[in-house]
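Inspection log for the structure reproduced underneath, given as C-alpha cells.
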Amino acid sequence: MNKLQDRVILITGASQGIGAEAARACAEAGATVVLVARHQKKLEKIYDSIVSAGCPEPFAVVFDLLAAEEKEYERLAQAVAEATGGRLNGIIHSAAYFYALSPLEFQTVAEWVNQYRINTVAPMALTRACLPLLQAAPDASVAFIGESHGETPQAYWGGFGASKAALNYLCKVAADEWARFPNLRANVLVPGAVNSPQRMKTHPGESRSARREPSELAPDFVYWMSEDSKGRSGEIVYL
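Take a look at the structure:
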C-alpha cells in the first residue's frame, strides 16, 4: 500500500476531477504530492482531504498555466525544489482546457491557442523546467493525461483533439530523448469515460452509470508513478 513511500509527485489540475483523484491516490500510496491548480479554494479542499486522511502533508501551489511564461515555470520548479529538498519523482499532467464541441467554422483562433497553451505547451514547459530534478531522482515518471480523439480525429473535436494529438507527439519525443536515461520515462494515459467535469461537458446526455468513477483509476496512477512501471516509456495507454 506504500508503493510511493518517500516519493514526491507533482500533479497539475489537482483541484478537481481526474487530477484531484490522482493526487489522493498518490498521497494514499505514501507520496508527498505537490498540488498545482489555479483555483485556490478548490485546491485547499483537496489539500485538507489529504491531510485529514492521514497522508503525508502535501504542498499546494496556486498557478495559472494559461498565463504562465518561461520565468514563472522556472520559479515553480525552484519552489518545488526548495519545498522538497530537491526531490521530484514524477509529474502527472492532468490540467486540461476545453471550450465546446463545434464545427471548425465556429472555432476561433483564441480558442485553439488557449487549448494548445494548456494541453500541450504547459506540459512541455513544466516538464522542461523540472527536468533537472527528475534527472537527479533514482527513478522518475512523467504521465500526460491524454484523450482518445488525440489518436482518432472526429468531427467537432477541432482544437481540443488537435492539442491532445500534439501531447501524444510531445510524450514520444520526450521518451525518445530520455532513452539514454534509464531512470526516466514518459507515457500518455487515456482515462476513457470517467465521471469528470470535462466528460460532463463533452457528453451531456450520457448516463452517469455508463461512466467509471475517477477513484477507479487510483491503482493506475500508483502503478505509473511507481517503480513497477520502470522500463515502459513512450506508450499511449488506455486505462
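Just so we're aligned, residue 37 is where the sequence shown starts under my numbering, counting upward by one.
The C-beta atom is built at its ideal place from N, Cα and C for all residues, glycine as well.
In this text the structure is predicted, and so the values were computed from the model without any measurement.
**Request:** Determine, using beta carbons only, whether Ala-179 and Asn-125 come nearer to each other than 8 Å.
**Result:** no
**Prompt:** Contact check, Leu-220 vs Leu-253 under 8 Å by CB: the rounded distance?
**Reply:** With a Cβ gap of about 23 Å, Leu-220 and Leu-253 do not count as contacting.
**Asked** Can you tell me the Cα-Cα spacing of Gly-186 and Gln-151, whole angstroms?
**Response** 13 Å
**Request:** Kindly give me the distance between the Cβ atoms of Glu-183 and Lys-200, rounded to whole angstroms, as I take these residues to be in contact under 8 Å.
**Result:** 4 Å
**Request:** Mind checking which residues open and close the beta strand (DSSP E) that includes Tyr-133?
**Result:** Segment: none, Tyr-133 is in no beta strand (DSSP E) and carries neither H nor E.
**Asked** When DSSP labels each residue in this structure, what does Leu-40 get in the three-state scheme?
**Response** coil
**Request:** Under 6 Å Cβ to Cβ from Ala-202, same chain only, skipping five residues before and after it: list those, please.
**Result:** Thr-156
**Touching by the beta-carbon criterion (3+ pairs, under 8 Å), the stretch 121-135 and the stretch 45-64** = yes
**Asked** Would you report the Cα separation of Leu-46 and Arg-244, rounded to the nearest angstrom?
**Response** 29 Å
**Asked** Going by the CB atoms, is the gap between Thr-120 and Thr-68 shorter than 8 Å?
**Response** yes
**Request:** Name the residue from Lys-266, Ala-96, Pro-218, Trp-148 whose alpha carbon lies nearest to the alpha carbon of Leu-79.
**Result:** Ala-96
**Request:** Verify whether the separation of the beta carbon atoms of Tyr-83 and Leu-101 is less than 8 Å.
**Result:** no
**Asked** Does at least one heavy atom of the ligand ADP sit under 7 Å from the Cβ of Pro-250?
**Response** The ligand ADP is not part of this structure, which contains no ligands at all.
**Message:** Considering only their Cβ atoms, is the gap separating Met-261 from Cys-62 smaller than 8 Å?
**Reply:** Yes, these two residues count as a Cβ contact at 8 Å.
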